[in-house]
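Colleague:
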Amino acid sequence: MRIEAPSPAVAPPADRGEVKAAAEAFEALVLQEILRSARTQGLSDSPLVAGGEWRDLADRHLAEAMAKGAPLGLARLLGDALRKGQRA
Numbered sequence: 019m020r021i022e023a024p025s026p027a028v029a030p031p032a033d034r035g036e037v038k039a040a041a042e043a044f045e046a047l048v049l050q051e052i053l054r055s056a057r058t059q060g061l062s063d064s065p066l067v068a069g070g071e072w073r074d075l076a077d078r079h080l081a082e083a084m085a086k087g088a089p090l091g092l093a094r095l096l097g098d099a100l101r102k103g104q105r106a
């Protein structure tokens with residue numbers, strides 16, 4: 019009796035739009051954590067936004083807007099790496 023190893027699961031290639039959206043979402047999460055960390059240090063308190071959930075919501079939307087503008091470039095780098103991995 020011969021037992022063969024299972025073939026590795028390979029995800030179907032994602033289109034450019036999906037890769038870009040995933041990379042931007044990741045960059046937004048990183049930026050959101052940076053903003054949250056800055057707030058805990060008292061570096062970016064704003065009198066316009068109250069604490070708690072409203073502040074988290076404001077941070078998330080700010081991070082998403084910043085990620086679309088790619089200030090850190092993480093989305094581009096991650097997208098390039100994901101596309102290279104699909105070709106390999």
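All residue numbers for the sequence shown refer to the working numbering, where the first residue is 19 and numbers rise by one. Glycine included, C-beta positions come from ideal geometry on N, C-alpha and C.
(1) Quick one, which of A46, A40 and D74 has its alpha-carbon nearest G87's?
(2) How would you call G70, buried or exposed, if buried means at least 16 neighbouring beta carbons within 10 angstroms?
(3) Is the beta carbon of L92 sitting closer than 9 Å to the one on A85?
(4) Where do the ends of the alpha helix (DSSP H) carrying G70 lie?
(5) In the DSSP assignment, find the unbroken alpha helix (DSSP H) run with R57 in it and report its ends.
Modeller: According to the structure data:
(1) In this structure, A46 is the residue among A46, A40 and D74 with its C-alpha nearest to the C-alpha of G87.
(2) Burial call: exposed.
(3) For L92 and A85, yes; Cβs fall inside 9 Å.
(4) Going by DSSP, G70 is part of no alpha helix (DSSP H) at all; its letter is neither H nor E.
(5) Counting along the chain, the alpha helix (DSSP H) containing R57 begins and ends at R34 to T58.
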